[in-house]
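Some notes on the structure that comes next.
Numbering (our numbering), first residue to last: 462 to 905.
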């Protein structure tokens with residue numbers, strides 16, 4: 462590390478004295494539908510949906526036990542409020558005076574320095590959030606976006622080239638994970654010899670919610686090592702561009718300037734960590750859900766193929782709603798308020814159950830069906846709106862657009878089998894999925 466880019470040590474025993482403490486005082490009984498447990502998220506999606514429907518109908522804001530698979534188990538953690546209705550998720554998402562992100566957006570109360578290093582402006586509030594978001598947004602110039610699109614288009618073609626003569630593949634392993642990972646490397650300009658390591662570190666950064674990936678490793682150590690390694694890679698890339706400027710997203714972030722201010726190295730590193738994780742997994746799993754949905758609802762695939770270019774953007778919104786790759790996110794109350802008859806106190810954790818909101822049949826007709834004609838589509842797949850709406854949504858949609866176009870036009874007939882899921886409370890992750898199709902005939 463250079464003297465300008467020293468990462469502080471992460472103290473997992475940080476008492477978080479700046480955070481507002483929560484209390485169990487005057488709280489109701491823990492709900493009988495326990496969404497805090499590992500067992501709940503290990504259920505079939507159909508069974509989860511039945512429980513969500515009950516909660517939306519009878520107890521839309523429920524008091525829940527502390528999450529079972531916490532990275533930092535806290536004996537003083539009283540629990541959290543679970544929001545299941547889409548309208549409540551949207552309301553809280555847009556009320557930044559009452560509910561903040563600065564204490565973290567996941568179930569755990571993680572050390573503040575770790576939030577800053579790994580979650581970038583996701584775990585910030587205004588004015589710090591707005592300032593950093595403006596600077597990052599300045600890097601996404603029209604020229605930079607056009608350059609990204611050219612790269613994504615070529616990557617999608619290469620990924621289909623690699624599978625088209627096989628006839629049967631494990632879809633997440635051999636296709637849907639490769640498009641975003643290759644895009645990450647190309648768009649950021651990650652050196653070839655560091656791309657595999659970047660992908661591995663990005664996977665480790667969310668291994669805390671993946672028992673298969675975590676194995677017997679300590680989740681705190683794994684998260685720390687992954688975060689530090691991604692910062693190291695970012696620092697090396699920054700150093701390389703100081704010596705020799707490039708035309709890539711890393712250079713664009715280094716050059717971005719708003720009102721005479723620029724991003725510092727640590728801020729760029731934190732955004733690199735965020736994009737390495739959030740920019741790959743969500744797109745990967747949405748692509749998997751798209752082929753699963755089109756297998757189950759073939760008439761939807763036929764409708765899309767009739768006029769792909771004019772229908773794909775609307776269809777992507779539905780693929781994201783239907784799959785809901787990110788199932789949960791959190792805010793923390795800083796003011797006393799009421800939600801659905803429940804008294805919310807300062808310090809209370811409020812968790813959005815996006816997986817439920819995107820199945821809310823009071824606002825979404827036939828929410829269990831894939832309907833690419835759905836318009837309007839008030840989903841919360843990119844968040845519930847407000848200032849924290851997903852900044853990376855343009856790149857995610859770009860990857861989905863080109864991956865699906867290349868796939869559907871070159872492999873129009875396919876069948877997706879039964880998926881295997883990760884079984885966590887954060888990411889609806891398809892880890893394995895049989896994908897069968899007629900292989901392309903090679904001319905002799």
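Built from N, CA and C at the ideal position, the CB exists for glycine as well.
By the three-class DSSP mapping on this structure, what secondary structure does residue i have?
i: residue 870; result: helix
i: residue 823; result: coil
i: residue 702; result: helix
i: residue 880; result: strand
i: residue 463; result: Low confidence applies to residue 463: its pLDDT is 39, below 50, so where it sits in the model is not reliable enough to give any reading.
i: residue 673; result: helix
i: residue 842; result: strand
i: residue 501; result: helix
i: residue 772; result: helix
i: residue 582; result: helix
i: residue 428; result: In the structure as shown, the chain begins at 462 and stops at 905. Residue 428 is therefore absent and cannot be evaluated.
i: residue 574; result: helix
i: residue 851; result: coil
i: residue 741; result: helix
i: residue 905; result: Residue placement at residue 905 cannot be trusted, given a pLDDT of 38 that sits under 50; the coordinates are not used to answer.
i: residue 750; result: helix
i: residue 651; result: coil
i: residue 481; result: coil
i: residue 531; result: coil
i: residue 858; result: helix
i: residue 762; result: helix
i: residue 493; result: coil
i: residue 910; result: Lying outside 462 to 905, the shown extent of the chain, residue 910 is not represented and no answer is given.
i: residue 518; result: helix
i: residue 538; result: coil
Judging by CA-CA distance, which residue of the options is the nearest neighbour of residue i?
i: residue 899; options: 535, 885, 874 and 494; result: 874
i: residue 608; options: 672, 821, 708 and 881; result: 708
i: residue 782; options: 839, 705 and 564; result: 839
i: residue 699; options: 605, 819, 844 and 732; result: 732
i: residue 526; options: 533, 538 and 532; result: 538
i: residue 549; options: 853, 879, 811 and 859; result: 811
i: residue 408; options: 853, 832, 741 and 717; result: With the chain running from 462 to 905 in the structure shown, residue 408 is simply not present.
i: residue 877; options: 856, 755 and 788; result: 755
i: residue 792; options: 814, 771 and 774; result: 814
i: residue 863; options: 501, 511, 611 and 599; result: 611
i: residue 882; options: 577, 540 and 784; result: 784
i: residue 832; options: 796, 773, 559 and 711; result: 773
i: residue 675; options: 523, 765, 532 and 868; result: 532
i: residue 606; options: 856, 888, 897 and 590; result: 856
i: residue 522; options: 507, 503, 492 and 505; result: 492
i: residue 762; options: 562, 795 and 870; result: 870
i: residue 498; options: 694, 884 and 829; result: 884
i: residue 646; options: 602, 740 and 677; result: 740
i: residue 482; options: 536, 706, 808 and 752; result: 808
i: residue 589; options: 852, 563 and 571; result: 563
i: residue 945; options: 835, 510, 528 and 513; result: The structure shown does not extend to residue 945, since the chain spans only 462 to 905, so no value can be given for it.
i: residue 829; options: 620, 604, 516 and 510; result: 510
In the DSSP assignment, what are the bridge partners of residue i?
i: residue 630; result: 896
i: residue 796; result: Paired residues: none, contrary to the question.
i: residue 543; result: 523 and 812
i: residue 891; result: 882
i: residue 780; result: BP columns for residue 780 are empty, so no partner.
i: residue 718; result: 723
i: residue 803; result: 800
i: residue 667; result: According to DSSP, which records beta bridges pairwise, residue 667 is partnered with nothing at all.
i: residue 789; result: 814
i: residue 694; result: According to DSSP, residue 694 bridges with nothing at all.
i: residue 875; result: 898
i: residue 561; result: 793
inquiry  = Does the structure place the stretch 740 to 753 close enough to the stretch 637 to 649 that three or more beta carbon pairs sit under 8 angstroms?
reply    = Three or more pairs of CB atoms, one per stretch, sit closer than 8 angstroms, so the stretch 637 to 649 contacts the stretch 740 to 753.
task = Could I get the ranges of all uninterrupted alpha helix (DSSP H) runs contained in the stretch 597 to 645, with 4 residues as the minimum, in chain order?
result = Runs of the alpha helix (DSSP H) lying entirely within the stretch 597 to 645, each at least 4 residues long, are 603 to 622 in chain order.
task = Indicate whether the contact test is met: 3 or more Cβ pairs, each with one atom in the stretch 643 to 662 and one in the stretch 529 to 545, closer than 8 angstroms.
result = Inter-segment contact for the stretch 643 to 662 and the stretch 529 to 545 is absent: fewer than three beta-carbon pairs are separated by less than 8 angstroms.
message = Closer than 8 angstroms is the cut-off here; do at least three beta carbon pairs connect the stretch 812 to 829 with the stretch 574 to 585?
response = Judged by Cβ distances under 8 angstroms, the stretch 812 to 829 makes no contact with the stretch 574 to 585, as fewer than three pairs qualify.
task = Give a yes or no on contact between the stretch 664 to 681 and the stretch 622 to 637, applying the rule of three or more CB pairs nearer than 8 angstroms.
result = The stretch 664 to 681, when compared against the stretch 622 to 637, does not touch it at the 8 angstroms Cβ threshold.
ask   = Within the chosen definition, does the stretch 681 to 689 reach the stretch 712 to 727 through at least 3 CB pairs nearer than 8 angstroms?
value = With a cut-off of 8 angstroms on Cβ pairs, the stretch 681 to 689 is not in contact with the stretch 712 to 727, counting fewer than three such pairs.
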